[in-house]
Structure formats: structure tokens, C-alpha cells
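Written below as C-alpha cells is the structure these notes are about.
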Amino acid sequence: MKGFSIKTEIEEYDTFAEFANVAGLSAEDLVLCGEHTYDRYIAPLGTGVQTLFREKYGTGEPTDAAVDAIIDALRAKKFNRIIAVGGGTVIDIAKAVAVAGPEDKVDDLYDNVASLKKYHPLIIVPTTCGTGSEVTNISVINRVSKGVKMGLAADAMYADKAIMITNMLESMPYKVFATSSIDAMVHSVESFLSPNGCSISRIFSTEALKTIITCWSKAVAAGGGDAWKTYAADFLKASNWAGLGFGYAGCAAVHACAYPLGSVYHIPHGQSNQLMFASVMKKYKELKPVGRINDLEKVIGDTLQVKPEEALEALYSLMDKVLKCEPLKNFGVKESDLPVFAHDVIGTQQRLLKNNYLPLTEEQVLDIYKAAF
């Protein structure tokens, strides 16, 4: 078994200005972010940093074409550190850019994973409470040219530093909060159940899950809406802990089944995870009712103060109050898509499926899609 280690230095600050001062941000740094983030937090500081705005290269989750265009745009720039300030999309792009050589394209990165090296120091400042990617070595890109959304994992893509600043979440819209916190919850559950986890990784997965569930419950009890902001610091920490959990143990079938939904129908990542979560858990319970899933039920049950056998249903109900879960067909998914998705998941997502609570066949994956349809 590989040893558990934290490869990224994690720092906490009260404000972005405090971080910028300590880090000595200057014209030698490249900040990759959204324009709104730059205008709100970075421009007023007058640091003179170079910038690259994500919006100029499309919207939604990163595609191979967008990342290739960004790599091309940066060839003429001279900079030292990359400072990624944003959610999962910005972070995924920054990781790819950090390991892209002068002549590389996205396909080259996937084709040469074992030999990737970091060309620029990478600092990540997350602005959502879901990705956890600031402490993982994974970048997920929709390879439109190949018709598949795939993760790229290499140790060279670990950030040198992850900067945790709670007030970076203050302008996050409710829908982004909901989908990102659901993503973090799924990270915690999948890494908890993973056969490739260890006792240390499960500490992070467990604490992340308990924190998210507790804060969801409090926010819902307070009327929902912006009530979550009272617990923003806890959600941000939980997202980070879940990242440490799945960075070691991996994500699994929920993420694998969600990827085609994001790739083909552009459903936000956290929401696509939500759409698949209950169906995957129910299939797990059907096929292997006795195992680590019982430990999961106890953690959830103790946190929600329900019996273990009622825990998963209670979690589905709570999550539904955070963001209403809908059937796949409501997003335009066609029944004829389902066998195609199941086939593609088995064929292209073994990186994730190896972390399943138990192995799944293509027929069983199709059953999961049908249950969510």
C-alpha cells in the first residue's frame, strides 16, 4: 500500500490582500481567474500581476480546445508562478498549464502522463467549497475531440501551495454553493468506501462528510438561501479535507457515471454527481449489503440522529432540500443514451471504477442509469 502524505502546503488567510502581501505577488506572477474575481479581489491591490481570464476561452467546464488555446496564448508570456484563483474549472486549467511544455497540447499531456513535469510553481486559491482539487494531482478535461471527459493524474500537478480564504466564497451564488458542496460530499463518501483508502485517508473523508451534513442541516433549518454563508468556513475546510481523502483513495462510480452527463449535456459537475449518487448507493446496497457501507451508514446516522438503516435515505432527503434532485430525462437525456453511456463508462473510466466499493459490470452500470432516468 502506498503511504499517505500531503504533497501540498496548506495556508489559511483572512483576506486575499493578506495572502498577496505575504506571497509577494508581482508582475512576475500569472493570475488565472475569472474577470469578476479579478475585479473584486485582485485589481484593487495594484500588484501588477499578469492575468489570463478564463471567460475569454469559453464557458463551462474545460475542454481540450479551450486549454490548447490558453496554452497557445501563454507561449509569448514570461512569468514565474501560476496563481489559480477560482473553482474547479480554473484549477483544472491551471494544473494543465503548469505541466505543459512549450510545444505541448492537451493530447500530449494525456499521452505522456508518466513523464510530465512542472514548468511553473503552482499556487491555488479555491473560490468554491466543492472541488478539493487544490490538494489533488488530478485535472479533468472534456476531450471533445475524443468524445470523452477524462481525468489526467500526475504528481507533477500537485499545487505547491493551497491557500484557504473563507471570504473568497462570499459572492458565490446559491446554485454554485449547492452543486459544489454536493461534489465535496460525494468526494467524502466515495473515498470513504474506496478499497484503496487507508485509516488516515478515511479520517479526512469522515470529518468532511460529518461537517458537510451538519452544516447542511443547520442551513436548511435556518431557512436555506444564504443561511449557508454562516458556515462558509466549515464548508471550505470540509471541501479541502474531502480533497485529501479522495486524493489518496480516489473517487469511483458516482463520478464515472456523472462524467458523460457533463460531457454531453453540460450538466454542472456537482449536480451531475447528485443525479447519480442515490442510484449508485442503492446498487451497492443491493449487491453488497454487508461491508464498509455499514460503517458509512453509521457515520451518517450518528450525524443525522437516525438509525443506520435509515441513514442513506435521510441523506438523500437532506440533499434534496439543498438542491432538488431531478430525473435525467429532465435535462434532455434520452433513454437511447443510457447504454452508450454505460459502455463508455466501462471503456474509459477505469481510473475511477477501480475505486468502487465493489466491481460493477456494464449491465449493472446501465441499471444505475435507468434508475436515475
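Add 74 to a position in the sequence shown, counting from 1, and you land on the number used in our numbering.
For glycine and all other residues, C-beta sits at the position ideal for the given N, C-alpha and C.
What number of angstroms, rounded off, separates the C-alpha of residue i from the C-alpha of residue j?
i, j, result
"Cys331", "Phe309", "25 Å"
"Asn241", "Pro413", "44 Å"
"Ala150", "Asp411", "43 Å"
"Ser245", "Ser313", "17 Å"
"Thr133", "Lys381", "43 Å"
"Tyr339", "Asn95", "42 Å"
"Val263", "Lys152", "42 Å"
"Lys235", "Ser207", "12 Å"
"Gly298", "Met393", "12 Å"
"Ala258", "Leu434", "23 Å"
"Trp290", "Leu378", "10 Å"
"Val209", "Thr137", "22 Å"
"Gly225", "Thr89", "31 Å"
Tell me which residue opens and which closes the beta strand (DSSP E) that residue i is part of.
i, result
"Cys331", "No beta strand (DSSP E) holds Cys331; the alpha helix (DSSP H) holding it covers 327 to 339."
"Tyr87", "83 to 87"
"Ile116", "Looking at the DSSP string, Ile116 is not in any beta strand (DSSP E), and its letter there is neither H nor E."
"Ala236", "235 to 239"
What does the Cβ neighbour count give for residue i, buried or exposed, with the cut at 16 atoms within 10 Å?
i, result
"His261", "buried"
"Lys169", "buried"
"Val187", "exposed"
"Ser79", "exposed"
"Asp300", "exposed"
"Asp142", "buried"
"Asn211", "buried"
"Ser255", "buried"
"Val218", "exposed"
For chain D, find out if any of its Cβ atoms is closer than 8 Å to the Cβ of residue i; answer yes or no.
i, result
"Phe278", "The structure shown contains no chain D, having only a single protein chain."
Based on the DSSP secondary-structure assignment, which residues constitute the bridge partners of residue i?
i, result
"Phe127", "Cys107"
"Leu196", "Ile156"
"Leu451", "The chain is shown from 75 up to 447; residue 451 falls before or after that span and cannot be answered."
"Thr137", "Asn216"
Counting only the same chain and skipping the five closest in sequence on each side, list residues whose C-beta sits under 6 Å from that of residue i.
i, result
"Phe251", "Trp302"
"Phe93", "Tyr87, Ile237"
If I measure Cβ to Cβ from residue i and keep anything under 7 Å in the same chain, skipping five residues before and after, which residues do I get?
i, result
"Ala352", "Tyr390"
"Val328", "Val260, Glu264, Asn347, Met350, Phe351, Val354"
"Tyr333", "Lys223, Gln423"
"Ser268", "Ala323, Gly324, Ala326, Asn429"
"Tyr305", "Cys289, Lys292, Ala293"
In chain order, what residues of the same chain lie with their CB nearer than 8 Å to the CB of residue i, ignoring the 5 residues before and after it?
i, result
"Val173", "Leu183, Leu190, Lys191, Lys192, Tyr193, Ala228, Ala230, Met231"
Could you tell me the boundaries of the alpha helix (DSSP H) in which residue i lies?
i, result
"Trp315", "306 to 323"
"Asn368", "366 to 378"
"Leu243", "Here Leu243 belongs to no alpha helix (DSSP H), and DSSP marks it neither H nor E."
"Gln348", "343 to 361"
"Trp290", "273 to 295"
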